[in-house]
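Peer 1: Encoded as structure tokens, here's the structure I'll be asking about.
Here is the structure:
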């Protein structure tokens, strides 16, 4: 898979894995050198003791042994990280070789199968644990790991335990084209029309301006712009992310869990009702943009195949959706955003029309307490990434801009914004769900 790096942004044609194993091994080599230099520092400390009066070290609150242990520990950590990087590279290479072997077998290329098997055997000899790690990923995978990390944030949603969690991890955040979500029997939430925050006359022709129209900070959850085009009517739809943990809020964590589990969430029911209220009918032309839960929702709408979706742009979505071969798909995923990691790497191959792509970026490489606020998941962080993409010289970006520019010159007919609220105050817990009180959520 070809990956083009522009500034801080990685742009790939999609697929579950876009990893440069050579870079992993280069990084491991750097750590080998660092460990060697740290070993030399330990030796320097020992030699220095022969030239410095031993009684000076206790005066400074240090001892020779303490210094040597500290530097030696750093050397050990460098070697440990080196081993992890090499093992990571081995796992990815093993997966690639197994895929090559399967493709060669399907095409009847016995020589290629033999070469791939030799490579697999060599990796397994050099890294005995790689096969076990690859097998583990095929079972639970990134979706489960990140779902576990996000449990503290989901506790207040009344998340069903046991079987529900197992079902969520099995889905692994992928929505194939043609998917119609399973109904839950829940009533459609009340739709609340709201005055638009602004009345921009021109449709956005780039990703950053499109994300800038996603509602945030108020009561609106969805913005729908209706345009008159040369060929008829088109709609640009912008959907917000999660806004609460319960009560009469529809864009809450339980809607996240319902949607991630392949069900019609209350937020999905509300969105489809808003589309109908705005005049959208099956077969109509849509340009869809969403952040976080909103990204999951627009992906679910696109994946039905019920509409003529021209563009679907998502930022920090917990799922990856296949919008069909005619829709241009752009997924923005931050490597340090655990919500985006719930997509489990997405599909094995590119989805969407030719030119669709996935954008990756690490917002804050240095881990720390600030990460508990999920800053890499914020819409503002994704808007910054979108700006970097818009400025990229990558030809795929130009193709997406060209698709978005289909609305250039279109006449704005109307702009509508909607909020939503539950039609009752009954807690939406399923059988076996853990209540906020029982879970310690408070």
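In the numbering used here, the protein residues as written are 70 to 511. Backbone N, C-alpha and C fix where the C-beta goes; we use that ideal spot for every residue, glycine too.
#1: For the putative contact between residue 308 and residue 363, defined by C-beta atoms under 8 Å, what is the C-beta separation to the nearest angstrom?
#2: What's the call for residue 283, buried or exposed, on a 16-neighbour Cβ count within 10 Å?
#3: Inspect the CB distances between the region 477-491 and the region 252-265 and report whether three or more fall short of 8 Å.
#4: Report all residues from its chain with a CB closer than 7 Å to the CB of residue 506; omit the five preceding and five following residues, and keep chain order.
#5: By how many angstroms is the C-alpha of residue 273 removed from the C-alpha of residue 473?
#6: Rounded to whole angstroms, how far is the Cβ of residue 159 from the Cβ of residue 192, which I believe are closer than 8 Å?
#7: So residue 455 and residue 280 are supposed to be a Cβ contact under 8 Å. How far apart are they, rounded?
#8: Sorted by chain position, which residues of the same chain lie with C-beta nearer than 6 Å to residue 459's C-beta, five sequence neighbours on each side aside?
#9: Got a sec, what are the start and stop residues for the beta strand (DSSP E) residue 423 sits in?
#10: Shortest alpha-carbon distance to residue 112 belongs to which of 429, 141, 351?
#11: Just confirm the distance between the C-beta atoms of residue 200 and residue 155, as a whole number of angstroms; I'd bet it's less than 8 Å.
#12: Tell me, please, which residues DSSP counts as bridged to residue 483.
#13: Taking the DSSP output, what are the residues bridged to residue 470?
#14: With DSSP run on the structure shown, which of helix, strand or coil describes residue 143?
#15: If you check the beta carbons only, do residue 371 and residue 357 fall under 7 Å apart?
#16: Out of curiosity, what's the CA-to-CA distance linking residue 110 and residue 153?
#17: Between residue 409 and residue 385, which are expected to be in contact by the criterion C-beta below 8 Å, what is the C-beta distance as a whole number of angstroms?
#18: With the cut-off set at 7 Å, would you say residue 258 and residue 339 are in Cβ contact?
#19: Would you call residue 318 buried or exposed, if buried means 16 or more other Cβ atoms sit within 10 Å of its Cβ?
#20: What are the boundary residues of the beta strand (DSSP E) that includes residue 16?
#21: For residue 513, which option in 166, 379, 183, 198 has the closest C-alpha, if you only look at C-alpha atoms?
#22: With H, G and I counted as helix, E and B as strand and the rest as coil, what does DSSP make of residue 380?
#23: Please give me, in chain order, every unbroken run of the alpha helix (DSSP H) with length at least 4 that falls completely inside the region 311-338.
#24: Could you tell me which of 286, 271, 335 sits nearest to residue 254, measuring between CA atoms?
#25: Which residue wins for smallest C-alpha separation from residue 342, given the options 417, 450, 451, 366?
Peer 2: In short, the structure shows the following:
#1: Locating residue 308 in the chain shown gives position 239, counting from the first residue. Locating residue 363 in the chain shown gives position 294, counting from the first residue. Correct: roughly 3 Å between the Cβ atoms.
#2: If you number the chain shown from 1, residue 283 lands on position 214. Buried is the call here.
#3: yes
#4: Walking along the chain shown from the start, residue 506 turns up at place 437. Note that residue 506 has pLDDT 26, beneath the 50 cutoff, so the model's placement of it is unreliable and no number is given.
#5: On the chain shown, position 404 is the one that residue 473 refers to. On the chain shown, position 204 is the one that residue 273 refers to. Cα-Cα distance, rounded: 7 Å.
#6: Taking the first residue of the chain shown as position 1, residue 159 is located at position 90. Taking the first residue of the chain shown as position 1, residue 192 is located at position 123. That belief holds up - the Cβ atoms of residue 159 and residue 192 are roughly 5 Å apart, short of 8 Å.
#7: Residue mapping note: residue 455 aligns to position 386 of the chain shown, counting from 1. Residue mapping note: residue 280 aligns to position 211 of the chain shown, counting from 1. Sure, about 5 Å apart at Cβ, within 8 Å.
#8: As a working mapping, residue 459 is identified with position 390 in the chain shown. Sequence-distant Cβ neighbours of residue 459 in its own chain, meaning closer than 6 Å and more than five residues away, are 275, 276, 277.
#9: Counting from one through the chain shown, the residue named residue 423 turns up at place 354. It is not in any beta strand (DSSP E) - residue 423 carries neither H nor E in the DSSP assignment.
#10: Within the chain shown, the letter at position 43 stands for residue 112. Residue 112 has its Cα closest to that of 141, out of 429, 141, 351.
#11: The residue you call residue 200 lines up with position 131 of the chain shown. The residue you call residue 155 lines up with position 86 of the chain shown. Not a contact, Cβ separation roughly 15 Å.
#12: Along the chain shown, read from residue 1 onward, the residue named residue 483 stands at position 414. Per DSSP, 295.
#13: For this step, residue 470 is matched to residue 401 along the chain shown. Answer is none; residue 470 lacks a bridge partner.
#14: As a working note, residue 143 is residue 74 in the chain shown. Of the three classes helix, strand and coil, the one that applies to residue 143 here is helix, per DSSP.
#15: Looking up residue 371 in the chain shown gives position 302. Looking up residue 357 in the chain shown gives position 288. For residue 371 and residue 357, yes; Cβs fall inside 7 Å.
#16: The sequence position of residue 110 within the chain shown is 41, counting from 1. The sequence position of residue 153 within the chain shown is 84, counting from 1. The straight-line gap from Cα to Cα measures roughly 24 Å.
#17: Counting from one through the chain shown, the residue named residue 409 turns up at place 340. Counting from one through the chain shown, the residue named residue 385 turns up at place 316. For a cut-off of 8 Å, the C-beta gap from residue 409 to residue 385 is around 5 Å, short enough to register as a contact.
#18: What you label residue 258 is simply residue 189 of the chain shown in a count that begins at 1. What you label residue 339 is simply residue 270 of the chain shown in a count that begins at 1. For residue 258 and residue 339, yes; Cβs fall inside 7 Å.
#19: Locating residue 318 in the chain shown gives position 249, counting from the first residue. The residue is buried, with at least 16 neighbouring Cβ atoms inside 10 Å.
#20: In the structure as shown, the chain starts at 70 and stops at 511, and residue 16 therefore has no counterpart that could be examined.
#21: No answer is possible for residue 513: it lies beyond the span of the chain, which begins at 70 and ends at 511.
#22: In the chain shown, the residue the question calls residue 380 occupies position 311. In this structure, residue 380 counts as strand in the three-state DSSP scheme.
#23: 322-329
#24: Reading the chain shown from its first residue, position 185 is the one you call residue 254. Taking only the C-alpha atoms, the option nearest residue 254 is 335.
#25: By 1-based counting over the chain shown, the position of residue 342 is 273. Of the candidates 417, 450, 451, 366, the one whose C-alpha sits nearest the C-alpha of residue 342 is 366.
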